[in-house]
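Chemist:
There are 2 protein chains.
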Amino acid sequence: MKEGKHISLKDLACELGISISTVSRALKDSPEISGEVRLRVKALAKEWNYRPNPFAMSLLKNTPRIIGILIPDIVTHFYSSIITGIDNIARQNGYSVIITSSYDSYKAEIQCIEDLVNVRVEGIIACLSQETTDYLHFTSLEDLNIPLVFFDRICLPDVFSSVIADNIESARLATLHLLNTGSKRVAFIGGANHIEIVRQRKHGYLQALREYRIPIDKDLVFCKYMGYSEGYEGACKLLSLSNPPDAILAMTDSIAFGAMKAIKEHRLRIPDDISLIGYTDEMHSNYVDPPLTAITHQTHKMGQTVCHLLLKQIKKREKPQQIIIPTYLAVRESSVKNNQRVPPTKNTI
Amino acid sequence: MKEGKHISLKDLACELGISISTVSRALKDSPEISGEVRLRVKALAKEWNYRPNPFAMSLLKNTPRIIGILIPDIVTHFYSSIITGIDNIARQNGYSVIITSSYDSYKAEIQCIEDLVNVRVEGIIACLSQETTDYLHFTSLEDLNIPLVFFDRICLPDVFSSVIADNIESARLATLHLLNTGSKRVAFIGGANHIEIVRQRKHGYLQALREYRIPIDKDLVFCKYMGYSEGYEGACKLLSLSNPPDAILAMTDSIAFGAMKAIKEHRLRIPDDISLIGYTDEMHSNYVDPPLTAITHQTHKMGQTVCHLLLKQIKKREKPQQIIIPTYLAVRESSVKNNQRVPPTKNTI
DNA sequence: TTGAAAGCGTTACCAA
DNA sequence: TTGGTAACGCTTTCAA
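Structure follows, in structure tokens:
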């Protein structure tokens, strides 16, 4: 039984007194093997619990069937949910998944890519760190012939395929929703300007203001970093303006929660004094006080879609394409001023 | 340059007109190599971007430097946070990590273990699915000589090492806290009884009641499944009792959030009508209304500790040990009845 | 129908 | 100081 060590074809061949090649063929139902041998081989393989050695296989074929994921972190629900979607599709297609986290550090991101290349992943799915402004570590993957697909925080759309949310439109609709439900001065809290999703969402926000013929007030836009503390900081700054906003569109869930804290500390009521909308898909939006209106991502679908896109690229390199996954606005209490109640959408939970 | 394909030692050797062994030695600073050759080899390796093929290595050494993780899911903050801890330590020690999710299904769990074995992980870190009552798929790992370490939801502590929280004590202290802050009838919502942490936490809960000389009322214990809906269901049932509780100790965060929903639907005030404590370490506990008092796990430390434990077992099989990671009670608003205000602990954020 | 041998990329041992 | 060779587990010619 060879306890401990793994069983190899050689072990089986020895025991049965036949050659390794015969065993190999018998196991894969090669037509040129006698039924009797096949049965004996299979029986023993089963009894001894034989499993092909994946490293020998990878060495031989140079296709380890592993895809690499690079994300900012795994604890943010948005990312872990997308990973779940990726993982499902990968498994269905016989791939394993290996996850690396940049923790939003440019330096760590480079190391992650290096690690993934070193384990010879067949392809990579990535979401940029907030710090990243240089893409050399990604473009150099082309020389190694490792396909790369981005999601959410993307770059170089002419070079790499990507999956994103309908950022412009979602921000536009969210802003319009605020303006339609009693808010007059809508502020925007985002992240650093070099990040594509920041620009897109701000774009949608500004477009809505334009549609409403509201002059743009630069003081109402706070863009620094996407994080809880910056949400808090941004809201504090906005609230201390001589002419403060009566609504905030926060670009991420953590920003929204930070802003919420600031608003409560200022003893303002949500939504009557300040309306608030977040970008999130977390069920926690439902539990906060008041329940948070939020642009909701179809994270699972996003994950599945990126993975499909990558698998396609692995099979056959194609020119880059971009897929947009629609979001929807889950209207809860934080956005509708009380003299403006509208019936909740069916997405409200 | 060999675009596309990976560079091998052979490629370097060919180009330099020396043998493969020499290249191999030069690259790893073998003392028995002339400085001149070493330099030339290293220069070319760098220029051509040579990376050792990990599969050849794994094949040779039979130590792929991969550890497998089996968890119920990745989106629950508790698990993703633990994974982060595991991952940090694993990387520090040159290991990669591969994650599989059982989605709390026994059948899927068996498949996950099978997958991990097939990729030849050197060891496995696992947290049981809620459905699991049979451990054959784990004990059979012993025959394969693959070390296994559990965390949180564990089994067979005499066979496998494990890392757990101080479940009995934490539940005891939480219950005492409720009784000390105005609650008279404390209920417990847990999961299925075959799960060790359920039994332990219930044990701590009952012990606290005994210390307070409060007779045990079976109606106040609801144990079915650890999930949001069951938290809701349990709370509904408890609240409809002829003699309902005035406090609930929920065994997980999702149970607590479900219970919170039920309580609000019953138009009861937290904590004045019903106090509520959850088991969680999420920052979201701070955002809910009211902020949730919760037993807080040191998830990162738990992850690091399991990983260390596993690495030790990989290096040298040792007899199983159990490590207990202390929790602390973060007292917030949901547990202290208003006529009983105590100063918040320093853990309150 | 079966077996022998080469090859995938690397290391380690033995010769030179 | 170097080179040749065997070995890791498997597949795939090529021969028998």
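Chains as they are written, first to last, in our numbering: chain A, 885 to 1233; chain B, 885 to 1233. By construction, the Cβ of each residue, glycine as well, lies at the ideal position given by its N, Cα and C atoms. This structure is a prediction, so every number in the text was calculated from the model and none was measured.
Determine the chain A residues that contact arginine 1004 of chain B at a beta-carbon separation under 9 Å, and present them in chain order.
Modeler: Translated into the one-based positions of the second sequence, residue 1004 of chain B becomes position 120. Correct list: His890, Arg935, Asn937, Pro938, Phe939.
Chemist: Cα separation between glycine 1162 of chain B and glutamate 1080 of chain A?
Modeler: For the purposes of this step, residue 1162 of chain B is identified with residue 278 of the second sequence, where counting begins at 1. For the purposes of this step, residue 1080 of chain A is identified with residue 196 of the first sequence, where counting begins at 1. The straight-line gap from Cα to Cα measures roughly 39 Å.
Chemist: Under 9 Å between the Cβ atoms of arginine 1004 of chain B and proline 938 of chain A?
Modeler: The residue given as residue 1004 of chain B occupies position 120 in the second sequence. The residue given as residue 938 of chain A occupies position 54 in the first sequence. Cβ distance < 9 Å, so arginine 1004 of chain B and proline 938 of chain A count as in contact.
Chemist: Can you grab the Cα-Cα spacing for the pair proline 936 of chain A / asparagine 1002 of chain B, in whole Å?
Modeler: Taking the first sequence and counting its residues from 1, one reaches residue 936 of chain A at position 52. Taking the second sequence and counting its residues from 1, one reaches residue 1002 of chain B at position 118. Their backbone Cα atoms lie some 8 Å apart in a straight line.
Chemist: At a CB distance below 7 Å, what residues from the segment 1038–1071 of chain A approach chain B? Give them in sequence order.
Modeler: Cβ contacts with chain B: none found.
Chemist: Leaving out five residues on either side along the sequence, give the residues of the same chain with a beta carbon under 6 Å from the beta carbon of alanine 1146 of chain B.
Modeler: Position 262 of the second sequence, counted from the start, is the residue given in the question as residue 1146 of chain B. The answer, listed in chain order, is Tyr1116, Ala1119, Cys1120.
Chemist: Who pairs with tyrosine 1163 of chain A in a beta bridge, going by DSSP?
Modeler: Stepping through the first sequence from its first residue, residue 1163 of chain A is reached at position 279. Answer is A/Ile1179, bridged to tyrosine 1163 of chain A.
Chemist: With DSSP as the reference, label valine 1215 of chain A as helix, strand or coil.
Modeler: Here residue 1215 of chain A is taken as the residue at index 331 of the first sequence, counted from 1. Correct three-state label for valine 1215 of chain A: coil.
Chemist: Please state if the CB of valine 1190 of chain A and the CB of isoleucine 970 of chain A are separated by a distance shorter than 9 Å.
Modeler: The residue you call residue 970 of chain A lines up with position 86 of the first sequence. The residue you call residue 1190 of chain A lines up with position 306 of the first sequence. The answer is yes: Cβ separation under 9 Å.
Chemist: Name, please, each residue of chain B whose Cβ falls closer than 8 Å to the Cβ of methionine 1110 of chain A.
Modeler: The residue you call residue 1110 of chain A lines up with position 226 of the first sequence. Simply none; closest approach about 16 Å.
Chemist: What would DSSP say about leucine 893 of chain B, mapped onto helix, strand or coil?
Modeler: Counting from one through the second sequence, the residue named residue 893 of chain B turns up at place 9. Residue state, collapsed to three classes: helix.
Chemist: Can you list the residues of chain B that methionine 1144 of chain A reaches, using a CB-CB cut of under 8 Å?
Modeler: Along the first sequence, one-based indexing puts residue 1144 of chain A at 260. By Cβ distance, chain B contributes Tyr1171.
Chemist: Going by CA-CA distance only, name the one from A/Ser942, A/Phe1035, A/Glu998 that's closest to histidine 1192 of chain A.
Modeler: Counted from its first residue, the first sequence places residue 1192 of chain A at position 308. With distances taken between Cα atoms, histidine 1192 of chain A lies closest to A/Phe1035.
Chemist: Assuming proline 1041 of chain B and glutamine 1206 of chain B make a contact with CB atoms under 8 Å, what is their CB distance in whole Å?
Modeler: Locating residue 1041 of chain B in the second sequence gives position 157, where the first residue counts as 1. Locating residue 1206 of chain B in the second sequence gives position 322, where the first residue counts as 1. About 6 Å separates the two Cβ atoms, so the contact holds.
Chemist: Residues bridged to phenylalanine 1034 of chain A by DSSP?
Modeler: Indexing the first sequence from 1 puts residue 1034 of chain A at position 150. Answer is A/Ala1010, A/Ser1046.
Chemist: If proline 1175 of chain B and arginine 1201 of chain B are in contact, beta carbons under 8 Å, what's the gap, nearest whole angstrom?
Modeler: For the purposes of this step, residue 1175 of chain B is identified with residue 291 of the second sequence, where counting begins at 1. For the purposes of this step, residue 1201 of chain B is identified with residue 317 of the second sequence, where counting begins at 1. Not quite, the Cβ-Cβ distance comes to about 46 Å (not below 8 Å), so this is no contact.
Chemist: Would you say serine 985 of chain B faces chain A, with C-beta separation under 9 Å as the test?
Modeler: Position 101 of the second sequence, counted from the start, is the residue given in the question as residue 985 of chain B. Interface residue, yes.
Chemist: Helix, strand or coil for isoleucine 902 of chain B per DSSP?
Modeler: Numbered from 1 along the second sequence, position 18 holds the residue referred to as residue 902 of chain B. The answer is coil: DSSP assigns isoleucine 902 of chain B none of H, G, I, E or B.
Chemist: Mapping the DSSP letters down to three states, classify leucine 1104 of chain B as helix, strand or coil.
Modeler: Locating residue 1104 of chain B in the second sequence gives position 220, counting from the first residue. In this structure, leucine 1104 of chain B counts as helix in the three-state DSSP scheme.
Chemist: How is the alpha helix (DSSP H) around alanine 1058 of chain B delimited, first residue to last?
Modeler: As a first step, residue 1058 of chain B is located in the second sequence; it is residue number 174 there, counting from the start. First-last of the alpha helix (DSSP H) with alanine 1058 of chain B: 1051–1064.
Chemist: Exposed or buried, which one is glutamine 1188 of chain A when buried takes at least 16 other CB atoms within 10 Å?
Modeler: If you number the first sequence from 1, residue 1188 of chain A lands on position 304. Buried, because 16 or more other Cβ atoms sit within 10 Å of the Cβ of glutamine 1188 of chain A.
Chemist: When Cβ atoms are compared, which residues of the segment 963–977 of chain A fall closer than 9 Å to chain B?
Modeler: Within the segment 963–977 of chain A, the qualifying residues are Tyr963, Ser964, Ser965, Ile967, Thr968, Asp971, Arg975.
Chemist: Grab the span of the alpha helix (DSSP H) containing glycine 969 of chain B for me, first residue to last.
Modeler: Sequence index remark: in the second sequence, residue 969 of chain B carries index 85 (1-based). Run containing glycine 969 of chain B: 961–976, per the alpha helix (DSSP H) assignment.
Chemist: Which residue comes first and which comes last in the alpha helix (DSSP H) that contains alanine 1076 of chain A?
Modeler: Position 192 of the first sequence, counted from the start, is the residue given in the question as residue 1076 of chain A. Segment: none, alanine 1076 of chain A is in no alpha helix (DSSP H) and carries neither H nor E.
Chemist: Could you check whether the Cβ of isoleucine 982 of chain B sits closer than 9 Å to any Cβ belonging to chain A?
Modeler: For this step, residue 982 of chain B is matched to residue 98 along the second sequence. By this cut-off, isoleucine 982 of chain B is an interface position.
Chemist: Could you tell me whether the Cβ of histidine 1021 of chain B comes closer than 9 Å to any Cβ of chain A?
Modeler: Position 137 of the second sequence, counting from 1, holds the residue named residue 1021 of chain B. No, its Cβ sits nowhere closer than 9 Å to a Cβ of chain A.
Chemist: Quick one: using the 10 Å Cβ neighbour count with 16 as the cut-off for buried, is histidine 1078 of chain A buried or exposed?
Modeler: Position 194 of the first sequence, counting from 1, holds the residue named residue 1078 of chain A. Classification for histidine 1078 of chain A: exposed.
Chemist: Are the segment 1068–1075 of chain A and the segment 1124–1131 of chain A in contact at 8 Å, needing three or more beta carbon pairs?
Modeler: Result yes; three or more Cβ-Cβ pairs closer than 8 Å.
Chemist: Please report the straight-line C-alpha distance between alanine 1055 of chain B and isoleucine 1008 of chain B, rounded to a whole angstrom.
Modeler: What you label residue 1055 of chain B is simply residue 171 of the second sequence in a count that begins at 1. What you label residue 1008 of chain B is simply residue 124 of the second sequence in a count that begins at 1. Cα to Cα, the separation comes out at about 29 Å.
Chemist: Buried or exposed for tyrosine 1096 of chain A, going by 16 or more other Cβ atoms inside 10 Å?
Modeler: What you label residue 1096 of chain A is simply residue 212 of the first sequence in a count that begins at 1. So tyrosine 1096 of chain A ends up on the exposed side.
Chemist: Closer than 9 Å, CB to CB, is leucine 1028 of chain B near chain A or not?
Modeler: Here the question's residue 1028 of chain B lines up with position 144 in the second sequence. Answer yes: the Cβ-Cβ gap between leucine 1028 of chain B and chain A drops below 9 Å somewhere.
Chemist: Using three-state DSSP, classify serine 1126 of chain B as helix, strand or coil.
Modeler: Along the second sequence, one-based indexing puts residue 1126 of chain B at 242. Serine 1126 of chain B: coil per DSSP, three-state reduction.
Chemist: Please check if any C-beta of chain B sits within less than 9 Å of the C-beta of isoleucine 1161 of chain A.
Modeler: Residue numbering aside, residue 1161 of chain A sits at position 277 when the first sequence is read from its first letter. With 9 Å as the cut-off, isoleucine 1161 of chain A does not count as an interface residue toward chain B.
Chemist: Taking 9 Å as the threshold (C-beta atoms), are leucine 943 of chain A and alanine 929 of chain A in contact?
Modeler: Taking the first residue of the first sequence as 1, we reach residue 929 of chain A at position 45. Taking the first residue of the first sequence as 1, we reach residue 943 of chain A at position 59. Cβ atoms of alanine 929 of chain A and leucine 943 of chain A: not closer than 9 Å.
Chemist: My guess is that glutamate 1114 of chain B and glycine 1142 of chain B are in contact by the Cβ rule of under 8 Å, so how many angstroms apart are they, rounded?
Modeler: One-based indexing of the second sequence puts residue 1114 of chain B at position 230. One-based indexing of the second sequence puts residue 1142 of chain B at position 258. Contact holds; Cβ gap of about 7 Å.
Chemist: Against chain B, does phenylalanine 1141 of chain A count as a neighbour if the rule is that its beta carbon must be under 9 Å from one of theirs?
Modeler: Your numbering for residue 1141 of chain A matches position 257 in the first sequence. Phenylalanine 1141 of chain A counts as touching chain B.
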